[in-house]
Amino acid sequence: MVRIIQLNLRQEAIISIVKEKGPITGEQIANELNLTRASLRPDLAFLVQIGYLGARPRVGYYYSERPRYSNLVEEINKLKVKDFKSVPAVISEKTSVYDAIVALFVHDVGTLFVVSETSILAGVISRKDLLKTAMGKLDINNLPVGVIMTRMPNIITTTPEESLVSAAQKIIEHEVDALPVVRPMEEKLEVIGRITKSTITKAFVEIGLGRIGEGGSQY
Ligand code: ADP
């Protein structure tokens, strides 16, 4: 069992008492610990809320073998990139920096992927890459994005079968906003989607609204 919630010593003690002696009343647990029932109330409520303990009126507290949240962790780890990816906003290497800025607005994105005619990944352009260039003295109408983009093989990518958690970890570790979703194509990478910080936020909201996890996801 993976414990994702740090319990305090008193909570650990309550769990071992309930494990050993449950079902047991709050009063009896308090006696075991030489504490008052009232001072235990917040810890008991917390342990019930996170699913370590069950509580039944007139029966008492019992240990729950399978905390609700460990189930949720499993469900979250089952989420795949392929079920959340969105359409990538792509441009060619020859696109001018000016047109790339226009593309940011047209596609309403923060990151553009630079691809060949056959959708092979060549590079990535972020909004700050474009902003930085636009602040300089270069003629952005005649400057191709190929000159300023972050280029392969230095692109962090994800694949349809990768877990969403692992893709989110890459976003955090490499401090980027978006990952191209790719599949291998004759020793190169074809762009078939994108995962962004917004994707992860949306998934998080779905989880919070109970649409993902515990009973399966809607995706
Ligand atoms: P911004 O620059 O707008 O804050 P990012 O944090 O995503 O956006 O980008 C930071 C830098 O990393 C930029 O220079 C960008 O070209 C590059 N970059 C963005 N996404 C990736 C990626 N998936 N792989 C490698 N480099 C990336």
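Our numbering puts the first residue of the sequence shown at 14, with every later residue one more than the last. Positions of the beta carbon are idealized from the N, C-alpha and C atoms, including for glycine.
Let me know the secondary structure DSSP gives residue i once reduced to three states.
{"i": "Glu106", "result": "coil"}
{"i": "Arg164", "result": "strand"}
{"i": "Gly221", "result": "helix"}
{"i": "Val100", "result": "coil"}
{"i": "Gly67", "result": "strand"}
{"i": "Pro55", "result": "helix"}
{"i": "Leu85", "result": "helix"}
{"i": "Leu156", "result": "coil"}
{"i": "Ser211", "result": "helix"}
{"i": "Ala216", "result": "helix"}
{"i": "Thr171", "result": "strand"}
{"i": "Gln19", "result": "coil"}
{"i": "Ser176", "result": "strand"}
{"i": "Ile138", "result": "strand"}
{"i": "Lys95", "result": "helix"}
{"i": "Leu144", "result": "helix"}
Please return the same chain residues whose Cβ sits closer than 8 Å to the Cβ of residue i, not counting the five positions on each side in sequence.
{"i": "Pro173", "result": "Lys93, Val94, Lys95, Lys98, Val194, Arg196, Ile205, Gly206"}
{"i": "Ile28", "result": "Leu20, Leu60, Tyr65, Leu66, Tyr76"}
{"i": "Ile30", "result": "Ile37, Ile42, Glu45, Leu46"}
{"i": "His187", "result": "Ile169"}
{"i": "Val100", "result": "Gly206, Arg207"}
Per DSSP, residue i is paired with what?
{"i": "Ala191", "result": "Thr209"}
{"i": "Gly73", "result": "Arg69"}
{"i": "Glu203", "result": "Ile133, Arg196"}
Take residue i and list the residues in its own chain whose beta-carbon comes closer than 6 Å to its own, dropping the five residues that flank it on each side.
{"i": "Ala191", "result": "Thr124, Arg207, Thr209"}
{"i": "Ser139", "result": "Thr124"}
Cutting at 7 Å between CB atoms, please list the residues of its own chain near residue i, excluding the five before and the five after it.
{"i": "Met198", "result": "Ile133"}
{"i": "Thr163", "result": "Gly136, Val137"}
{"i": "Val189", "result": "Ile169"}
Inside the segment 23-48 only - alpha helix (DSSP H) runs reaching at least 4 residues: 39-45
The segment 145-155 touching the segment 117-135, judged by at least three CB pairs closer than 8 Å: no
At least three beta-carbon pairs within less than 8 Å, the segment 62-75 to the segment 24-35: yes
Cβ contact (3+ pairs, closer than 8 Å) linking the segment 68-77 and the segment 108-115: no
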